Structures are given as C-alpha cells and as structure tokens.
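Heads up, the sequence shown is in the working numbering, so the first residue is 14 and it goes up one at a time. The C-beta atom is built at its ideal place from N, Cα and C for all residues, glycine as well. Keep in mind that this is a model prediction, so the values were computed, not measured. Structure record follows, encoded as structure tokens.
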Amino acid sequence: MKVESKRLFFIDAMRAWAILMMLQGHFIDGLLDPLFRNPDNSVYSVWLYFRGITAPVFFTVSGFIFTYLLLRVPEKGFENPRIRKGIKRGLQLLVIGYALRLNLFGLLKGQIYDGFYLVDVLHCIGLSILAIIGFYLLTSRRKAYFFPLLLLSTTVLLFLFEPVYKQWSFSWLPSGLANYLSKANGSVFTIIPWLGYTTLGAALSIVFIKFKDFKLLYPVSIVSALILGVFLIYFSSPMFMALHEMTGIDLFALIYSNNYLFIRLGDVFVVFAVFMLIRKILINTTLLNIGSHTLSIYVIHFIILYGSFTGLGLYKFFHHQLHPSLAITGAVLFMLVCTYLALQYNRRESELKEKGAALVANGKMQLSLFSKRAIPVIKEQLVRIKMSFLRFLATSKN
C-alpha cells in the first residue's frame, strides 16, 4: 500500500490499455472494408462499443495524471514547479498536433492544406492541461474545495448543455479557432465537450490524494465506481426522460435522445473499477513503460497510419480495403510495431537528443565559418557593383 500511495500503477496500466485500444481502433476503422461494418454482427458491435470507450478513458486518465502530479508538490500557486512544466507540456502537445498534420509536399508548393487546421486528440489534451492549470491558479488562494468543485462543475455543465452548443457552427470565428469548438469542418475532437472528461479525471485525482492514507481507499473506490458506472450506463437515460416529464424542460429530452456522454462516463467508471480491482497484477515494467510513453506511440502511429509529413501512410494505400482477417492481424502487428519503435526511441532518447544537439551545434559553427568567409567576399562584390554603377552614371552624363 505504501508503494501504491506514491505511484498509482493502475493509472499507468489504464493509459497503456487506452493507447493500445486507440491504435487498433484507428487501424481497423481506417482500413476495414465497409462491406464488413455490419452493426447486426455481434463481434463488430462489441468492438464498436469498446472502441467508443477508448477516448473518454484516455482523456480522463490524462487529466488524472497531470493533476495528481500537480497537487503532490508542496508549493502552491505560481510557485508550484509543475505549472511551468504543465504549460510547456500543453503547448508542446498543441505544436505536435499541428506538426503531425503538416504535408511537406504541400509546403514545398507554398500551400497549407485545410487538414492542417483540424483538431484532434493532442490539441484537446494540450488545451485541457492549460485549462486545468488556469482553474488551479484561479482557485489557489481560495478554500481547498473550490478547485474540485470548479472541475466537477465544468464536466457537468459541458455534458448537460452539449445538445445546445453542438448545433452552433461558430462560423463567426476563423476556421482554425472554430475547429476547437465545432465538428462542422471535419475535426474529430473538440475541446467542448471533451474537456469534461479531463476535468473529471482531475477531480478524481484529488480524491485519491486526499484519501491516500485511508486503508479502505481501494475497496470503497471500486464499489463506488461500479455503482456510479452502472447507474450512468443503464439508468441515466431514463432519469433524464423522467426529469423531462416532471419539469417539461426540453434539454432533458434532447440529452435522452443522444445520451452518449453520460453513458461513456459510466464506462469510464467501470474501467476504473476493473483496473483498480486487478491493480496488483499490473505492476509490469513493459506495461508501465507503455503507459509512460503514450505520446511517442501516438506520434509514431500517426506517421505510419496517416502518413504525416508525406501523406504516404497505410491509410492512403489500404483505406477501407481490408478483409476482417487481414485487418485484425494487421492491427495486432501495428500495435506491436508502434509500441516497439516508441520504446526503442525512449530508451535512446537522451542519446538521440545529444546527437541532435551536436548536429545543431556543428551546423551553427559551419554557418558561422561560412558567414565569416562569405561576408568579406559579399562586401567586395557590393563595392565593385557600386563602382560599376557610378561609372555607368558618369558615362551616361557625358
């Protein structure tokens, strides 16, 4: 228990599971032939349901981990060193998110394609981290309950009013900004409502920090998560319909008609309960390494599958063309390859960074030497051009 209080291994394991499910989900969804996308097929319908769980879990765990590390530091407010690291991380995710959508061939033509401005997982998680930092700083000088209350209120409000704001196109905003709020232009994820899962994860981390020394933390958490999860999955929709019938408020009927946010929230709680229940068998070095290096895995999978920078990815050559047997086999191999490459990169990260820094330093030195040799020559040529021009003017006057 003492070890678990310092590091919550089940959270790293959840993040590892989520990234692996994301890999196979993207692979199969992008390459499986539409002929085999039959919702009446029990295998496909089960896969489709579990694929829908992946993103909510990933967002929730991201908010949990960041806030858990943020609050474990004794310093408060701007003095907390995790603030600077968090801002750097959030901006880094935004930059990487846009970089992965760049097309070098388009840049060589002087063009930036519309796909560059679309918003995806990394953009939303980066912006969510910055939002959590903002909430933390806003409440740092207030009573301790203000921060979790603000986080939970954000989740509830975003989920409740999703039927209202999802109809807004935000056309009055530049498309690059509107893509963070609307899917009208093709963005896969938007900051609203997905910030809600991240703030929920942040709030849950506060519970684990507050009760870290409570002997029954895990039994109580497992039972509570299961009860809440089952309620949201099976009873949240009837509850909203009942509220609509009692109050006559149309918002509750709209939520009932497409209650995916609260149902997926229930799925998240059930996944939390399962991983907490089996936490003692999840202390595996490879699994924890996968959970700690999800960014590298995500970047590598994006390059291989979608062809970042070049456009030459598996998606280009096999889009919606594979038979289920090939899609499943390919998905397994895809997960293994992406994970292996990411872990290999992270093992040699410091070495690669040193080599990169050495190349940059050498480039700067060569550029400096070139400029020292080139500047006198350029100056001499400019003087000659000037003298020739003056002679030409003198000749013209005569």
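Got a sec, what are the start and stop residues for the alpha helix (DSSP H) residue i sits in?
| i | result |
| --- | --- |
| D280 | Y273 to L290 |
| W30 | F22 to L44 |
| P187 | Premise fails: P187 is in no alpha helix (DSSP H) and is neither H nor E. |
| T323 | First-last for T323: undefined, no H or E at that position. |
| V134 | V134 to T152 |
| P161 | F159 to L173 |
| E258 | S249 to T260 |
| T298 | T298 to S305 |
| N359 | P337 to R360 |
| S195 | First-last for S195: undefined, no H or E at that position. |
| V86 | Per DSSP, V86 belongs to no alpha helix (DSSP H) and is neither H nor E. |
| Y210 | I204 to K223 |
Mind checking residue i: buried by the 16 CB within 10 Å criterion, or exposed?
| i | result |
| --- | --- |
| N272 | buried |
| Q334 | exposed |
| T67 | buried |
| H447 | Since the first and last residues shown for the chain are 14 and 411, residue 447 lies out of range. |
| W30 | buried |
| Y81 | buried |
| A157 | exposed |
| P187 | exposed |
| I142 | buried |
| L121 | exposed |
| D53 | exposed |
| F347 | buried |
| L36 | buried |
| G261 | exposed |
Near residue i, which residues of its chain fall below 6 Å by C-beta distance, leaving aside the five closest residues on each side in sequence?
| i | result |
| --- | --- |
| L113 | F315 and S321 |
Determine the closest residue to residue i out of the options, with distance taken between C-alpha atoms.
| i | options | result |
| --- | --- | --- |
| A355 | L117, F23, M27 and L33 | L33 |
| I417 | Y319, D280 and P232 | No answer is possible for residue 417: it lies beyond the span of the chain, which begins at 14 and ends at 411. |
| V177 | G189, P161 and S195 | S195 |
| G189 | H136, P52 and K228 | H136 |
| L150 | I138, T323 and L163 | L163 |
| Q105 | I138, F118 and G123 | I138 |
| G199 | S250, P251, D127 and R397 | D127 |
| Y328 | M27, I24, R28 and H39 | H39 |
| F331 | V56, I41 and R28 | I41 |
| S249 | K89, L274, N192 and L295 | L274 |
Looking only at its own chain, which residues have a Cβ that is under 7 Å from the Cβ of residue i, when we skip the five neighbours before and after it?
| i | result |
| --- | --- |
| P337 | L45 and F49 |
| L217 | F77 |
| Q180 | none |
| I125 | G119 |
| F159 | T152 |
Given residue i, which residues of its chain have a CB within under 8 Å of its CB, disregarding the five upstream and five downstream residues?
| i | result |
| --- | --- |
| G326 | I316, I317, L318, Y319 and G320 |
| L241 | G279 and F282 |
| S58 | P52 |
| A238 | F282, V283, F285, A286 and M289 |
Do three or more CB pairs link the region 100-114 to the region 170-184 at distances below 8 Å?
no
Are there three or more Cβ pairs, one per stretch, closer than 8 Å when the region 196-207 is compared with the region 241-249?
Flag = no, the region 196-207 and the region 241-249 do not touch.
Using a Cβ distance threshold of 8 Å, determine whether the region 255-268 contacts the region 206-219, with at least three qualifying pairs required.
no
At least 3 beta-carbon pairs within less than 8 Å: the region 220-232 vs the region 78-97:
yes
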